[in-house]
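Here's the structure, in structure tokens; my notes come after.
Number of protein chains: 2
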Amino acid sequence: MNSASAKALRSGGDPPARDFAPESDDAIFDMMELFFFAYRDFVKDADRLLEKYKFGRAHHRVLHFVDRRPGLAIAALLDILKITKQSLNRVLKQLLDGGFVEAREGANDRRQRLLYTSPEGAALARELARLQSARFVRVLSGLSPDARRSATEFLLAMIDQDERASVRAHLLVAAAAPSAGEESPP
Amino acid sequence: MNSASAKALRSGGDPPARDFAPESDDAIFDMMELFFFAYRDFVKDADRLLEKYKFGRAHHRVLHFVDRRPGLAIAALLDILKITKQSLNRVLKQLLDGGFVEAREGANDRRQRLLYTSPEGAALARELARLQSARFVRVLSGLSPDARRSATEFLLAMIDQDERASVRAHLLVAAAAPSAGEESPP
DNA sequence: AAAATATGTCAATATAGCTGACATAACCCG
DNA sequence: CGGGTTATGTCAGCTATATTGACATATTTT
Chain A
534 MNSASAKALR
544 SGGDPPARDF
554 APESDDAIFD
564 MMELFFFAYR
574 DFVKDADRLL
584 EKYKFGRAHH
594 RVLHFVDRRP
604 GLAIAALLDI
614 LKITKQSLNR
624 VLKQLLDGGF
634 VEAREGANDR
644 RQRLLYTSPE
654 GAALARELAR
664 LQSARFVRVL
674 SGLSPDARRS
684 ATEFLLAMID
694 QDERASVRAH
704 LLVAAAAPSA
714 GEESPP
Chain B
534 MNSASAKALR
544 SGGDPPARDF
554 APESDDAIFD
564 MMELFFFAYR
574 DFVKDADRLL
584 EKYKFGRAHH
594 RVLHFVDRRP
604 GLAIAALLDI
614 LKITKQSLNR
624 VLKQLLDGGF
634 VEAREGANDR
644 RQRLLYTSPE
654 GAALARELAR
664 LQSARFVRVL
674 SGLSPDARRS
684 ATEFLLAMID
694 QDERASVRAH
704 LLVAAAAPSA
714 GEESPP
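Read top to bottom, the protein sequences are chains A and B. In this note's numbering, each number is its position in the first sequence, counted from 1, plus 533. In this note's numbering, each number is its position in the second sequence, counted from 1, plus 533.
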């Protein structure tokens, strides 16, 4: 049941045995905490603006991904967010009701409801993105191109291996998306 | 009230105008999403083990920071987590009841309850850390020392400027803590 | 026509956070 | 000493975000 590697636990008072990683268990622990703190601060950036609309972070995520990938189907959005459709539905309904997101019947498959931001939704999405990207702009402008590449590489590598392909695809689609409509084949 | 840079919004169907940042608004948007996906996957790592103890992520965070910084006072923990004492109390009580965390009266200030992990708590904390650090080990081992430094630098820079000092201090304390007892002066 | 798919919805539940109000004990200061 | 501040606990109620399970509807696929 217990730790496989917890040998000399600090049960008495001896220094914790940092011996299983070649050269930097400490560094790794530090990075884990940095990651926590960095994310904690990052998500906070948009909160004040969201409050004005009585929206939460869930709304933000939906709005963001719909804006980035116009014509996104419900199922695809669920897959990105990794939540259930019931969870999505509440926030999505509020976004639809508020006129920030629109759903159109799929052209090929009329069961689908493809999601698009309205002009107001797009404006809000981008304003939120601007708030959050300010942090990135500040950080990245202080890094050399090489360091930027390393940071990007680092983040990508942090993603589950079997997710990485679809994330990469997502980024490409988002970048390429002219104003797209149809989904690519499953 | 609207986005200052949202000129040619995709109201009709024209390509989104990615023109306001010198060379890489796209790159920044991509990084923001990578950050989201990376964190989403990162926090997931420990969940299965936590379930066995009927604990959630909130318990994990408390356990982690108490283990990393033995003798942590309640107020200091609240400051790290940025939550209210009422929120903390529920999970902390469960950790105390379960014998994973112990609270001792402060030596200098008897109002304080200084927190320590029990041997079981420490074992759990480290097993959880091991699960999560596995991801970091995998990622960092694929990066050059330079790239590692860049990634670390990136994460640190992502933290709020006025928090950075205290985070740095936290890391140092955690690294230095032998199995410590007393707090350093406030 | 039957089966599978995409989505919506109702209901109940859990977790993690919040505010506000109030209580207790211990410390600090004049 | 006595009053103010600090550290913490606790009660009560609220919100946001997620879950599972069951069932409904329309549409596409076979």
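Even for Gly, the Cβ is constructed at its ideal location relative to N, Cα and C. Only a predicted model underlies this, so the values are computations on that prediction, with no experimental measurement involved.
Count the other C-beta atoms from every protein chain shown that fall within 10 angstroms of the C-beta of A:Ala608, then say buried if there are 16 or more, exposed otherwise. A residue is called buried when at least 16 other Cβ atoms come within 10 angstroms of its Cβ; A:Ala608 does not meet this threshold and is exposed.
Show which residues of chain A have a CB atom less than 7 Å away from the CB atom of B:Asp563. Neighbours of B:Asp563 on chain A, chain order: Leu704.
Quick check: the region 670-687 of chain A against the region 677-696 of chain B, are at least 3 beta-carbon pairs closer than 8 Å? Judged by Cβ distances under 8 Å, the region 677-696 of chain B makes contact with the region 670-687 of chain A, as three or more pairs qualify.
Under a Cβ-count criterion, where at least 16 other Cβ atoms within 10 Å of its own Cβ denotes burial, should A:Ser717 be classed as buried or exposed? Here the model assigns A:Ser717 a pLDDT of 35, short of 50, so the residue's position is not dependable, and the following value carries that caveat. Classification of A:Ser717: exposed, given that the 10 Å Cβ count is below 16.
Please list, in chain order, the chain A residues whose beta carbon lies closer than 8 Å to that of B:Ser620. Listed along the chain, the chain A residues whose CB falls inside 8 Å of the CB of B:Ser620 amount to none; the nearest CB is some 14 Å away.
Leaving out five residues before and five after B:Glu660 in sequence, what residues of the same chain have Cβ atoms less than 8 Å from its Cβ? Excluding residues within five positions, the ones whose Cβ falls inside 8 Å are Leu582.
Interface partners of B:Val700 on chain A, CB under 8 Å: The answer, in chain order, is Glu566, Leu567, Phe570.
Can you give the Cα-Cα distance for A:Asp559 and A:Glu696, rounded to whole angstroms? A:Asp559 and A:Glu696 have their C-alpha atoms spaced approximately 28 Å apart.
If you draw a straight line from the alpha carbon of A:Ser674 to that of B:Gly631, how long is it in whole angstroms? Distance between the alpha carbons of A:Ser674 and B:Gly631: 47 Å.
Nearest to A:Ala690 (by Cα), restricted to the options B:Ala571, B:Asp563, B:Met565, B:Leu648: B:Ala571 is the residue among B:Ala571, B:Asp563, B:Met565, B:Leu648 whose C-alpha sits nearest the C-alpha of A:Ala690.
Please report the straight-line C-alpha distance between B:Leu596 and A:Gly604, rounded to a whole angstrom. Looking at the backbone, the Cα of B:Leu596 and that of A:Gly604 are separated by about 43 Å.
Does any residue of chain B bring its CB to less than 8 Å from the CB of A:Arg573? Using a CB distance cut-off of 8 Å, A:Arg573 counts as an interface residue toward chain B.
Can you grab the Cα-Cα spacing for the pair B:Asp563 / A:Ala656, in whole Å? Cα to Cα, B:Asp563 sits roughly 19 Å from A:Ala656.
Pick from B:Phe569, B:Lys577, B:Ser651, B:Met565 that is closest to B:Arg668, judged by C-alpha positions: Its Cα nearest to that of B:Arg668, the residue B:Lys577 stands out among B:Phe569, B:Lys577, B:Ser651, B:Met565.
In whole angstroms, what separates the C-alpha of B:Arg594 from that of A:Glu638? Roughly 43 Å between the two C-alpha positions.
Taking a cut of 8 Å between CB atoms, which residues from the region 603-616 of chain A lie near chain B? Under the 8 Å Cβ criterion, the region 603-616 of chain A contributes Pro603, Lys615.
For A:Ala640, does the three-state DSSP call read helix, strand or coil? The answer is coil: DSSP assigns A:Ala640 none of H, G, I, E or B.
Every unbroken beta strand (DSSP E) inside the region 642-709 of chain B [3 residues or more]: List check, beta strand (DSSP E) in window: 646-650.
With distance defined between alpha-carbon atoms, name the residue in B:Ala680, B:Gly589, B:Gly654, B:Val672 nearest to B:Val599. Among B:Ala680, B:Gly589, B:Gly654, B:Val672, the Cα nearest to that of B:Val599 is on B:Gly654.
For chain A, is any of its Cβ atoms less than 8 Å away from the one on B:Val722? Residue 722 of chain B lies beyond the range of chain B shown here (534 to 719); nothing can be said about it.
If we ignore side chains and look at the alpha-carbon of each, how far apart do B:Gln627 and B:Asp574 end up? Computed Cα separation, rounded: 26 Å.
Can you round the beta-carbon distance between B:Arg602 and B:His703 to whole angstroms, since I take them to be within the 8 Å contact cut? Their Cβ separation, rounded to whole angstroms, is 7 Å, which keeps B:Arg602 and B:His703 in contact under 8 Å.
Straight-line Cα distance separating A:Ser651 from A:Lys587: Taking the straight line from one Cα to the other gives about 18 Å.
If we count the other Cβ atoms within 10 Å of its Cβ and call it buried at 16 or more, is A:Leu648 buried or exposed? Buried, since its Cβ has 16 or more Cβ neighbours within 10 Å.
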